[in-house]
Each structure stands twice: as structure tokens, then as C-alpha cells.
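> There's a structure below that I have some questions on.
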Amino acid sequence: MLAASVRRLQRPAAAHPWCRLSTKTHYDETMVYEFASQKIKPVSLGQLLKYQRLPLSAENILDSVSYSQAELPVRLAKRVISFHRLPFIVGTNPHIAQVYNHYYEAFDRLHAFAPIADLDAEWEFTRTLERQTQLLADVIPKIAQGFLECKQYMPREERTAFISDLIRSRIGLRVIGEQHVALSFQFRSEQNAGSKQQARAGAPQTAEDVWVGAIHTKLRPARMMEQCARMVQNMCEMYYTTAPEYYVDGNVDETISYIPSHFEYITCELLKNAFRATVDFSAKTGRSSHPPIQVTITKGDGYVGVRIRDQGGGIPKSNMRDVFEYSWSSMQAGDTAESAMTGSSPSLSAPAGMSLQTNLAMQQGVGGPIAGLGFGLPMARLYAEYFGGSLDIVSMEDYGCDVFLKLRSIEGSAEEKQI
Ligand SMILES: Nc1ncnc2c1ncn2[C@@H]1O[C@H](COP(=O)(O)OP(=O)(O)OP(=O)(O)O)[C@@H](O)[C@H]1O
Ligand SMILES: [Mg+2]
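The sequence shown lines up with residues 818 to 1236 when you count with the numbering used here.
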């Protein structure tokens, strides 16, 4: 098996773009293929969360790190290989090449550790893992930009499969990595606090108790939606110099157990779409003021529902299938705030949807420019479905959209959810 992998590596490697982008040796590449040939060992979320709220012991931490150490290099190596299979011209795109380098570096750093037998080595591994997991957190805007630039070089199905696999595996990598990092930090803070943990037993829940690793067990969707809507409203004002109002109603006190960064990502993407559509439609129809965006929270059995209702003119029936495709956007190259507001035809000089402001917003972690990458809806749906939720759109043409988001509480589905 290994020999076959090495043979596969040797032939294309000489001509492959990655060779020019880095200084990887034959030995390094052989290791990647060796790791990539191993099987992934899925873990249930329940297993990852099994130490929740226990005072942690050194054995717990070593047990947790042994899974991360064995599993993450295998998953990273598989991703590295998937980049090797991209068409040459796609692989040479600078955004995609940068993401490849992040994956390669993460693999390289993590696989190099000797088996971990003590807490000092565990701590060193954890710090490396923390840094690499953070680097992987920033790859989505780069992937989105990269595929926007070279979508014509890959058939749609292959592109969709590559991106979806990359994103799903990235969620798994981050959940496993962040969970161990959080446990390791928790263990050390418990050690530092000495017997404080025991003294706290039976005491009322404190702020730290709502976190189980990267999962927040009492996340309030209404509060989160308020924060995201405010952020997107600012972004919209910055881009279009105008923005609609919003309000949040329904079961505003409801809570859910979820990963906040996932919740934030999904809802910001949906809100950006609603804000943009509203401003665009006002400009198109000559409305003197924008109708507000309504966010309604509902409570279900083990899940929370969020409906985002806008009056942004809806989605034409002919586009309904395309809107969930990666790199599909109705925003044209050169669309600017001015052209949206005045209806004037856009110049074709600027890259799609990118401006200084949106670039800045992107760097500040808002999740991307207001529109134009064509990643918002497919990514939001993939994130929602990852933990058993769903995302659906009902569009009324020339009126607006209702977007229905259903998110399953992670604690309720922890035993069956395989990562
Ligand atoms: N609420 C909405 N009202 C009207 N059209 C919408 C709405 N939501 C999405 N769309 C349409 O679906 C398309 C795809 O949305 P998606 O969020 O995936 O990409 P985008 O907004 O163009 O770019 P980005 O990835 O930067 O968000 C949009 O370009 C827009 O035409
Ligand atoms: Mg969008």
C-alpha cells in the first residue's frame, strides 16, 4: 500500500505546483502518503465530551491527547493529498496554494511529535495544536476567493465535492483540536486553583460552567442574533452607506447547546444576504425607506428554529437551484455601493464584490465581504447540517425571502453524532 502511494507520489510530483511553492522533501511527501493511507477513526461527540465538568486528572488529559495525536495527522494528510489531485491551474492559484500550505504545515508540525507520555510533552503538543487550529480557522475566505477566481477550470460536481469534503473535514479537525486544547487549559487552570474546584461542588453555576470545551451549553440565540445583526448592519452601512433596521422576537429567552463560532458564522451569512437584498431592492424599486428585517426564534424538541424574514425582493425561481452552489453569486464583478444605490451599471474593473472596506471587514473576522463570493448559503447549510440541523429558503418573488434555520442542540445529539 505504501509502495503504491510512494509510486503515485513520485511521478506527478516533479511537475506539480506544490513543488514550486514550498521546499518539501521527498521524505516529507512520503510521510504524507503514509499517514493518508490510514483509516480515519471517527469519534462520537459524546466521547469527546466525556470529561465534561469532571475535575480532570492527568490520565484524562493523556487519554485525550493520545486520540488527537493519532487522529489529526491522518485527517490532515488526507486533506493534503486531496489538494494534490486538483487541476494544476487551480492548485497554482495563490489563495488555494496558501490554504494548502496551512494544511501541510499543520500536518508537518503535528505528525513530528514522538508518542506523548507525560504532561510536559502534552503541553508542548497542545500549544502547537492551538496555533495550527487557529490557522485553519482562517482558510474559508481564501478558499472562497480562490474558487471564485478559478471555478471555470473544474467541473461543478468535482468542485462541490472538493469544497464540501474540505469544509466538513475542517469542522471535524477543529472540533477535535479545540476540544483537546480547551480540556488541557481547563486541567491547568484547575491545577492552579488547587482545591477551588472541590469548594465549588454544589455551588451555583458560574460563567465557566457553561462551557464544555468549545461548546457553550447555554447559548441564547436571541442575544447572538442581536449581536450578529448589529455587526452586519454596520457592515451594510459601511458598504452601501445605508442599512435597514432589524428586530428579534419569538422565544427570546430560549437557550441551546452549540458551538458559538458556528452559530455566528451561519447567522451572519444569512443576515448579510437579507441586508444586501433589502438595500438592493429599495434601490431598484425606489422605496423611500427600507422595511425592517425580522428575526424570529422558536423552540422545538431538542432544537431551536430561527426564521429570518426580509422584504428584499426574493430570489427569481430560475436562480433557486444555483443559490446553493459554491461560487455562485448574483453580485457581478465591479458591483459597488454606488451602483446598488443608484442602479447605474457597474464598471468591470474591480474584483467581484471586493472593496477596501469589505476586505477590512473580512480581515476583522466578519466572515467575508457583504456578498460576492457565493459561499454564504452553501457553507451555512453545510454547517447547519453537520450537527443534524437544516437550512431552507422560501422565496416570494418581487417581495422577499423567509430563511428557516433549524439547529439541533449538540448535547441532545452528542451520542449519535460521529465526527
Ligand atoms: N435573502 C435573500 N434575498 C434575495 N436573494 C438572496 C437572499 N439570500 C441569497 N440570495 C441570493 O443567493 C445568492 C447566493 O448567496 P450566497 O450567500 O451564497 O452568496 P453571496 O451572498 O452572493 O456571496 P457571499 O459568499 O459573499 O455571501 C446571492 O448572490 C443572492 O443572489
Ligand atoms: Mg451571502
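From the three backbone atoms N, C-alpha and C, an ideal C-beta is built for every residue, glycine too.
Taking DSSP as the reference, what is the three-state secondary structure of residue 1249?
Within the shown structure, residues of the chain are numbered from 818 to 1236, placing residue 1249 beyond reach of any answer.
> Pair every Cβ in the stretch 1034-1042 with every Cβ in the stretch 973-983, then say whether three or more of these pairs are closer than 8 Å.
Segments in contact, no.
> Straight-line CA distance for residue 1054 to residue 1060?
Counting from one through the sequence shown, the residue named residue 1054 turns up at place 237. Counting from one through the sequence shown, the residue named residue 1060 turns up at place 243. Answer to the nearest angstrom: the Cα atoms are 5 Å apart.
> Use the C-beta contact count for residue 1090: other C-beta atoms within 10 angstroms, 16 or more gives buried, fewer gives exposed.
As a first step, residue 1090 must be located in the sequence shown, where it is residue number 273. Per the 10 Å Cβ criterion, buried.
> What is the DSSP secondary structure of residue 1002, reduced to helix, strand or coil?
The residue labelled residue 1002 in the question sits at position 185 within the sequence shown. In this structure, residue 1002 counts as helix in the three-state DSSP scheme.
> Based on the DSSP output, what are the partners of residue 971 in its beta bridges?
Locating residue 971 in the sequence shown gives position 154, where the first residue counts as 1. Looking at the DSSP assignment, residue 971 forms no beta bridge with any residue, so it has no partner.
> Helix, strand or coil for residue 874? Go by DSSP, reduced to three states.
In the sequence shown, counting from the first residue as 1, residue 874 sits at position 57. Correct three-state label for residue 874: coil.
> Starting from the Cα of residue 1109, find the closest Cα among 1102, 1092 and 1122 and give me that residue.
In the sequence shown, the residue the question calls residue 1109 occupies position 292. The shortest C-alpha separation from residue 1109 is found at 1092.
> My understanding is that residue 1122 touches residue 1217, with C-beta atoms under 8 Å, so please give their C-beta distance in whole angstroms.
To locate residue 1122, count along the sequence shown from 1; it is residue 305. To locate residue 1217, count along the sequence shown from 1; it is residue 400. With 8 Å as the limit, residue 1122 and residue 1217 do not qualify as a contact, their Cβ atoms being about 18 Å apart.
> Where does residue 1153 fall in DSSP's three states?
Translated into the one-based positions of the sequence shown, residue 1153 becomes position 336. Per-residue confidence for residue 1153 stands at a pLDDT of 48, beneath the threshold of 50, marking its modelled position as unreliable; the derived number appears in the next sentence. DSSP places residue 1153 in coil when its eight states are reduced to three.
> If you follow the alpha helix (DSSP H) that residue 1101 is in, where does it begin and where does it stop?
One-based indexing of the sequence shown puts residue 1101 at position 284. Residue 1101 -> alpha helix (DSSP H) spans 1077-1102.
> Enumerate in chain order the residues of its own chain whose CB-to-CB distance from residue 1137 is below 7 Å, with the five nearest sequence positions on each side excluded.
Counting from 1 along the sequence shown, the entry for residue 1137 is found at position 320. Here the set comprises 1212.
> Please determine if the stretch 874-894 and the stretch 913-931 are in contact, where contact requires at least 3 C-beta pairs separated by less than 8 Å.
Yes, they touch.
> Report the residue from 952, 939, 945 and 947 whose alpha carbon sits nearest the alpha carbon of residue 915.
Translated into positions along the sequence shown, residue 915 becomes position 98. The candidate whose alpha carbon is nearest that of residue 915 is 952.
> Put residue 1226 into one of helix, strand or coil per three-state DSSP.
As a working note, residue 1226 is residue 409 in the sequence shown. Correct three-state label for residue 1226: coil.
> Count the C-beta pairs between the stretch 905-919 and the stretch 853-873 that are closer than 8 Å, then say yes if the count reaches three, no if not.
The stretch 905-919 is not in contact with the stretch 853-873.
> Under 8 Å between the Cβ atoms of residue 1190 and residue 965?
The residue labelled residue 1190 in the question sits at position 373 within the sequence shown. The residue labelled residue 965 in the question sits at position 148 within the sequence shown. The answer is yes: Cβ separation under 8 Å.
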